[in-house]
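Count along the sequence shown from 1, then add 18; that gives the number in the working numbering.
Quick reminder that beta carbons are idealized off the backbone N, C-alpha and C, glycines included.
All values derive from a computational prediction rather than experimental measurement.
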Amino acid sequence: MKPAPFDYLRPRTLAEACAALKTADGGAKLIAGGQSLGPMLNLRLVQPRLLVDISGLEALHAFSETADALHLGAGLTAANIEDQRIDTRAVPLLQRVAAGIAYRAVRNRGTVGGSLTHADPAADWVNLMPALGARYELAGPAGSRTVAAADFMTAAFETLLAEDEVLSTIIVPKPAPGTRLGHAKIARKTGKFAMAIAVVVAEPDGGTCRALIGATHGRPILVEDAGARFGLGTGRLDEPGLAGLLADAGITTPAARHLHLTALRRAAAEAFPQAIPS
Ligand SMILES: Cc1cc2nc3c(=O)[nH]c(=O)nc-3n(C[C@H](O)[C@H](O)[C@H](O)COP(=O)(O)OP(=O)(O)OC[C@H]3O[C@@H](n4cnc5c(N)ncnc54)[C@H](O)[C@@H]3O)c2cc1C
């Protein structure tokens, strides 16, 4: 099947892109790398009147590093990060996660912003940024606003992005020195979407011990006080407690529960190698 007919616009600025979205009043779609939108157009799951191609917008390919954060343009691809064409070493998980997404052809074109906005519950960036405490800058016709990554995705394939907004920048805080990080992705084979993802971010000196359980049926589950609540880092994970948390998110089958708990155990073992969880 081929896409339904659409008009095509290649804006020169972010403001022009936002203005086009506003004028189209819900009838337009942004396209970046096209790795998710392309198939959806071909299957006619979406039939926009206008396609606004933001792949050439310089502002979306910007990268900068400040004392406490990395600022990633939403149009940077997974391959940009995998190859370290931008230096993201201050946040070590970024490169590893980038390299584990799909296949090289997809990583060459698929952008971080496209993935976050598509909001597939199984996607890798979707299940990393909230754990890192990232924030997103959303550009709109009246200016821009910043939202927490943890709030951005509202449900499977749903975000709080307005119809005339563009996700422009992803601000990823640098972990404090001594922060322990763990990440695990379970997939049928390398390059496939995740069946379970877990991320552990434990700040030193009794700071935040955050766990993310991802590739659920909806938005990722984020637990801010995972040490106190579920024994993360103590070597004794509260599995019944975690099973309750999973059940609240609709994950009730033993197989799915097992996958999510295994991912969490692996991420915890990486973050706390001295305390192999039970
Ligand atoms: C074979 C295959 C395997 C894959 N495996 C994985 C995997 O293992 N893990 C994983 O995480 N992903 C995987 N993906 C998904 C892939 O990572 C995403 O398709 C890609 O990152 C989306 O980015 P894009 O630039 O191509 O977005 P597009 O397809 O261009 O756009 C996707 C959506 O985001 C919107 N959009 C794009 N950019 C912006 C922006 N800046 N602001 C607002 N809205 C925007 C578009 O309007 C559209 O709704 C796979 C894809 C394929 C085809």
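Chain-ordered list of residues that sit, by beta carbon, closer than 5 Å to a heavy atom of ligand 1: K47, L48, I49, A50, G51, G52, Q53, S54, L55, A92, I119, A120, V124, G128, T129, G131, G132, S133, T135, H136, A141, D142, V184, L185, F211
Classify V17 as buried or exposed, calling it buried when 16 or more other Cβ atoms lie within 10 Å of its own Cβ. Only positions 19 to 296 of the chain appear in the structure, and residue 17 is not among them; the question remains open.
What did DSSP end up calling V64 once you bin it into helix, strand or coil? coil
Straight-line gap, L255 to L277 (C-alpha atoms, nearest Å): 15 Å
Extract the residue ranges of the beta strand (DSSP E) inside the segment 26-73, only unbroken runs of 3 or more that lie entirely within it. 46-49, 68-71
When you compare only the Cα positions, how much space is there between R122 and G128? 10 Å
List the residues that DSSP assigns as beta-bridge partners of P258. None, per the DSSP bridge assignment.
Beta-ladder partner(s) of G236, from DSSP: Answer by DSSP bridge pairing: none, since G236 is not bridged.
Would you mind listing the alpha helix (DSSP H) stretches within the segment 143-224 that are 4+ residues and don't spill past its ends, in chain order? 167-170
Selected residue, minimal CA-CA separation from L59, among A220, R153, C36, F24: Nearest of A220, R153, C36, F24 to L59, Cα basis: F24.
Is the beta carbon of A289 less than 9 Å from the beta carbon of V218? Closer than 9 Å, so yes.
State yes or no: is the C-beta of V109 within less than 9 Å of the C-beta of K20? Contact flag unset, no.
Since I believe L27 is in contact with A38 (beta carbons under 8 Å), could you give me their beta-carbon distance rounded to a whole number of angstroms? 6 Å
Is it right to say L263 is buried, meaning 16 or more other beta carbons lie within 10 angstroms of its own, or is it exposed? buried
Who are the near neighbours of S296 in its chain, counting only those whose CB is closer than 7 Å to its CB and skipping five residues on each side? Confidence at S296 is low in this model, with a pLDDT of 46, below 50, so its placement is unreliable and the value that follows should be read with caution. Within the same chain, S296 has close Cβ partners G253, R254, L255.
Per DSSP, D243 is paired with what? C227
By DSSP, does A87 sit in helix, in strand, or in coil? strand
Does the segment 65-74 come within contact of the segment 97-117, defined as at least 3 CB pairs closer than 8 Å? The segment 65-74, when compared against the segment 97-117, does not touch it at the 8 Å Cβ threshold.
Residue from G132, R206, T106, L90 whose Cα sits closest to the Cα of M171: G132
Go through its chain and collect everything with a Cβ distance to A261's Cβ below 8 Å, but skip five positions before and after it. So the qualifying residues of the chain are R275, L279.
Since T95 sits in a beta bridge, which residues does DSSP pair it with? T129
Cβ distance (whole Å) where G232 is taken to contact F248 below 8 Å: With a Cβ gap of about 16 Å, G232 and F248 do not count as contacting.
If we ignore side chains and look at the alpha-carbon of each, how far apart do T187 and G91 end up? 5 Å
On the DSSP letters alone, give me the boundaries of the alpha helix (DSSP H) that A287 sits inside. For A287, the enclosing alpha helix (DSSP H) starts and ends at 272-289.
Sorted by chain position, which residues of the same chain lie with C-beta nearer than 7 Å to N126's C-beta, five sequence neighbours on each side aside? T95, A97
Considering only C-alpha positions, which residue in the set H201, I239, A194 is nearest to T226? Closest in alpha carbon position to T226, among H201, I239, A194, is A194.
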